[in-house]
Structure formats: C-alpha cells, structure tokens
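Chains A and B are the protein sequences, given in the same order. For reference, each letter of the first sequence is one residue, going 796 to 1043 in the working numbering. For reference, each letter of the second sequence is one residue, going 796 to 1043 in the working numbering. Here is the structure we will look at.
There are 2 protein chains.
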Amino acid sequence: MSGWVVIAGLGPGNEDMVTPEVRATLDQATDVVGYFPYVARVAPRDGLTLHGSDNRVELDRSRHALSMAAEGRRVVVVSSGDPGVFAMASAVFEALEAGPEAWRALEIRVLPGITAMLAAAAAAGAPLGHDFCTINLSDNLKPWALIEKRLRLAAEADFAMAFYNPRSRSRPEGFERALKVLREACGDARPILFARNVSRVDQTLRIVPLTEATPEMADMRTMVIVGSSATRIIETPRGPILFTPRSA
Amino acid sequence: MSGWVVIAGLGPGNEDMVTPEVRATLDQATDVVGYFPYVARVAPRDGLTLHGSDNRVELDRSRHALSMAAEGRRVVVVSSGDPGVFAMASAVFEALEAGPEAWRALEIRVLPGITAMLAAAAAAGAPLGHDFCTINLSDNLKPWALIEKRLRLAAEADFAMAFYNPRSRSRPEGFERALKVLREACGDARPILFARNVSRVDQTLRIVPLTEATPEMADMRTMVIVGSSATRIIETPRGPILFTPRSA
Chain A
796 MSGWVVIAGL
806 GPGNEDMVTP
816 EVRATLDQAT
826 DVVGYFPYVA
836 RVAPRDGLTL
846 HGSDNRVELD
856 RSRHALSMAA
866 EGRRVVVVSS
876 GDPGVFAMAS
886 AVFEALEAGP
896 EAWRALEIRV
906 LPGITAMLAA
916 AAAAGAPLGH
926 DFCTINLSDN
936 LKPWALIEKR
946 LRLAAEADFA
956 MAFYNPRSRS
966 RPEGFERALK
976 VLREACGDAR
986 PILFARNVSR
996 VDQTLRIVPL
1006 TEATPEMADM
1016 RTMVIVGSSA
1026 TRIIETPRGP
1036 ILFTPRSA
Chain B
796 MSGWVVIAGL
806 GPGNEDMVTP
816 EVRATLDQAT
826 DVVGYFPYVA
836 RVAPRDGLTL
846 HGSDNRVELD
856 RSRHALSMAA
866 EGRRVVVVSS
876 GDPGVFAMAS
886 AVFEALEAGP
896 EAWRALEIRV
906 LPGITAMLAA
916 AAAAGAPLGH
926 DFCTINLSDN
936 LKPWALIEKR
946 LRLAAEADFA
956 MAFYNPRSRS
966 RPEGFERALK
976 VLREACGDAR
986 PILFARNVSR
996 VDQTLRIVPL
1006 TEATPEMADM
1016 RTMVIVGSSA
1026 TRIIETPRGP
1036 ILFTPRSA
C-alpha cells in the first residue's frame, strides 16, 4: 500500500466547524502527527497511532510525517484552523524541499480548514468584509523591523488587519510595540477586536477603540482584528456588530 | 416563534467542505436567500422556500432576509466561500444599519466557510503560508486608484497577495492594469497562481512567472494568488508545489 501525507485543518476549536473532507481523511489515517492539543482533538481508535509533539518542533514533526509516509503509512498532519495560514503546511514543504529526493514522489495534499481570523470575524460581524491583510506578529522567524514595516504599509493601504500570535510569554513586549505603531500609523480611534478562544464554549469578544487597546488584552489564544478606516459598529440589544462595508 | 437570520458560507463548491454547523442550520431554515447558483446548492425539502436572486442585488436580498426574519421566519443567507470575505455578511449589516430600528433586535449570526483563497492555496501547496493580503479587484464599489494604491503598497510590504474577482466581462481591462502594476512593483519573476473552479471536479491550477501572466488566464471563476519574494516552487513528479516559507 502506498503511503501519503495529508496536512489537514481542524478549524478553530468547535468540532462542528471541521469539514467532512477532513473527518473522512482522519478515518483513513494510520498515523496522526501534530502539536499535543491538536492531536488530542482526534479520537483514538484501533489502527491509529497518535504522535503528539511540542510546539516549535515543526520541522522535526514534518520530517517524521514524510518518513512514515515513505514507509507506506497514511499520515495526517493536523493543524488548528487552516494548515496553510501560519501553520503546518509550509513547514512540511520546507522539510520536503530539504529532504531526500524520494519524498517528492509521495502523495501530499493540503485540506483547508476554517482559519481563526474567519471564525473571529464571523463571531463579531464582518470586519474582514473588504480588503484586508493577515500578519503573524511573532518575531520568532522574522525580524521585528519587517513586522513594523508591514504594519505601517498596511495602515497606509487602509487594509483591515488580522493578527495571529499577537503575544506570548516569551515575547511580551512585541504586541505593545505593535499597538504603538498602529496608533501612530492609523491616527484614529478605529475599532480593534480581541477574540479569545474563538468558536469554543469559553469564547470572549471585546471591541475597543484602538486608542484604548492595551497589550494585556491579547495572549496566544487571542485573534486580533483591527478595522480599516471604514470599519463601523452597529449597536444592538444583543451587543455590538463590527463590520466593514463592501465599498471600503 | 422568533425569527433569525444566519449568513452562512457554503465553501468553494465541494460539498465535503461545507461545515456540519452550516448543514445543521440549513436543516432548521424556513427560507434560503442568495445568488441563484448558491441557492441551487441547497436541497429542496418541504417547509423550505428557496429564494434565488441575481447578483448585484445584495442589498435588496439582505432587506428581504431581514424583513422575513422580522416576521418570524428562520432565514439562511447563503454565500459561496466564507460570507465575511467579499460576500453577503457585510451587505446584510449595511442593510441592517440603514433599516428599521426593530431589525436590530433580531438574532443575526454569521457562520464561517472555507473561502476560495484558502482552498486555492491548499490545492497548490501553501502560498499563503506567511503574511499576505486579500484584495477584491472589482472596481464596482471602489475607485480603481485605490486598488492600484493597495497593490503597490502590498508589493512594498512584500505580502503574498490573494485576489478575488480578478476579471469580468464588464471589466475586462482591470486585471490587465493590475498585472502591469504588479510587474512594475514586484520587479521579478515570482510565481502567480491561477486557480479556476477551485475544489470542483473541473478544477484547474496554473502557475506561471509573473512576467508571463496574461489577463485571459483569469475570469470570475478564477482565484489569483501572487507570491511574496520568498514564495518558491518544489518540482515533483506529481506537479509543482507552490509555497511560502514560515520565515518570509
């Protein structure tokens, strides 16, 4: 039997957001590889080996997945959200590029999932309803200067902005700097959304003017979305709705 | 019984990409509203009225949905892809904002879906694996000058770029201008992906250097993704894999 690797997105956390395509592929797998909490979302069964690993070992995990597939195993690499957005798909392809030539003959597929920014936007209204950009605020793999440059240009382009990995214990100061840059570059009180544990039962949404945002409003489980200059709020008895009109 | 409006994403076309959350909501609906080809994806059943309408009537359709919900009906507004990305969610909120105060008491929810750029990226590899922007190239609702400004700033920021609505019969020249701007602003032969009918049985993928891209490679059923300066191709016996590394 020939092996394969499928890099599959589990969505942001709500099991009802996992696509049938991803479920069916998990049912065919012999091995599931991924960061511990994502692997924990896959139900154990006979014939399936779960390989949870720590974060920051994405390349090791990718090589493991590819080498198992080369041995004929059917391997699903699980990501939260969508595997193509700051997740495992790029890591697997980096490992493929640097690995043995024989790996290139493997069947490798990516199955999309609901990425956190889309779930966060949906929960709050439609803040990404017009042109936007998506930035990973972690400076683990790129210099801070590049992040700051992108923030300034995105503000000049008047994009709405979605931020992944805004803040972690190892990088507590980065998000504070990002907020400072955004306040300077945007120069107004446009709304900013902090969506924590999106789609889960303990989801929280908080919308404040950019001028009132503070670093501790975000952590690694928070998706942050800053509106464009056109993004508005509709106040309703059920809470505020944040949206960007189609003409923005 | 109290009515509601749910704006739901049907994903890019493959029925196995429709989330269980969206399916369950469709099962509860009394009315489904949307552009004809999207409404046609919902199976008829007793107790469900399908209201297909033409495109370019998004606000009329939104008012219709809200007014039916105000009468106690359970209305699903269907979008292709994700309703929050250049789709019906913003239109419904525009109609809500301009409509009768009573509408604001309605239960209105947005359910995310797999948006075309994520399905296209997954089919080709992982070209959106690092910072990127998402631009609607239609100038129906915004001036061309704003599109061109965003393209230039996005190139300066070295974002990968995903383009919706690249070209239509009524706007054949816009995409040609966009390609010209991109060639000037990027100044290299970075890869550009044309993904047509993404996730459907007749899906086609084409990757060419930006210098060789021509306007007729895109139509309204095509998702276009331009790489950042770091986006690369891995040649394999199964075809090229397009990806952007995590450090881009």
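The beta carbon of each residue, even a glycine, is placed where N, CA and C say it ideally should be.
Setting aside the 5 residues that flank it on each side, alanine 914/B is surrounded in the same chain by Pro807, Val993 and Ser994, each with a C-beta closer than 6 Å to its C-beta; the list follows chain order. With a threshold of 16 other beta carbon atoms within 10 Å, threonine 929/A meets it and is buried. Nearest in C-alpha terms to valine 834/A, of all of Gln823/A, Gly842/A and Ala803/A, is Ala803/A. In this structure, the beta-carbon distance from aspartate 953/A to serine 1023/A falls below 8 Å. Along the segment 1002–1028 of chain A, there is no position whose C-beta sits under 7 Å from a C-beta of chain B. For cysteine 928/A, the nearest beta carbon of chain B is closer than 8 Å to its own beta carbon. Judged by DSSP secondary structure, glycine 847/B falls within the beta strand (DSSP E) whose first and last residues are 844–848.
DSSP places serine 1024/A in the coil class of the three-state scheme, outside both helix and strand.
Fully enclosed alpha helix (DSSP H) runs of no fewer than 4 residues occupy 831–834, 853–865 and 883–893 of the segment 829–909 of chain B, in order along the chain. CA-to-CA, the gap between proline 1010/A and proline 967/A works out to about 8 Å. Under the three-state reduction of DSSP, glycine 808/A is assigned to coil, being neither helix nor strand. For glutamate 979/A, there are no neighbours in chain B by C-beta distance under 7 Å, as the nearest C-beta there is about 17 Å away. Only residues of its own chain outside the window of five on either side were considered, and among them Phe954 have a CB closer than 6 Å to the CB of aspartate 926/A, listed in chain order. Short of 6 Å from the beta carbon of alanine 1008/B, and not among the five residues preceding or following it, lie these beta carbons of its own chain, in chain order: Leu974 and Ile987. Rounded to the nearest angstrom, the Cβ distance from threonine 999/A to proline 961/A is 15 Å, too far for a contact under 8 Å. Taken through DSSP and simplified to helix, strand or coil, methionine 1015/A comes out as coil. Note on geometry: alpha-carbon atoms of threonine 820/A and isoleucine 1036/B lie some 21 Å from one another. For aspartate 811/A, the closest Cβ of chain B is nearer than 8 Å. At a cut-off of 8 Å between beta-carbon atoms, arginine 945/A makes contact with chain B. Among the residues of chain B, none has a CB under 7 Å from the CB of alanine 835/A; the nearest is roughly 20 Å distant. By the Cβ test, the segment 889–899 of chain A is not in contact with the segment 931–951 of chain A, since fewer than three Cβ pairs between them sit closer than 8 Å.
Exclusion of the five residues before and after alanine 918/A leaves Ala990, Val993, Ser994, Gln998 and Leu1000 as the residues of its chain whose Cβ lies within less than 8 Å of its Cβ. In the DSSP assignment, isoleucine 1036/B is bridged to Ile1029/B. Beta-bridge analysis with DSSP links proline 986/A to Pro1004/A. Within the segment 904–981 of chain A, the runs of beta strand (DSSP E) at least 3 residues long that lie entirely inside it are, in chain order, 927–931 and 955–959. In the structure shown, valine 800/B falls within a strand segment according to DSSP collapsed to helix, strand and coil. Under the three-state reduction of DSSP, valine 827/B is assigned to strand. Per DSSP, reduced to three states, the secondary structure at threonine 999/A is strand.
Assignment of arginine 818/B by DSSP, reduced to helix, strand and coil, places it in the helix class.
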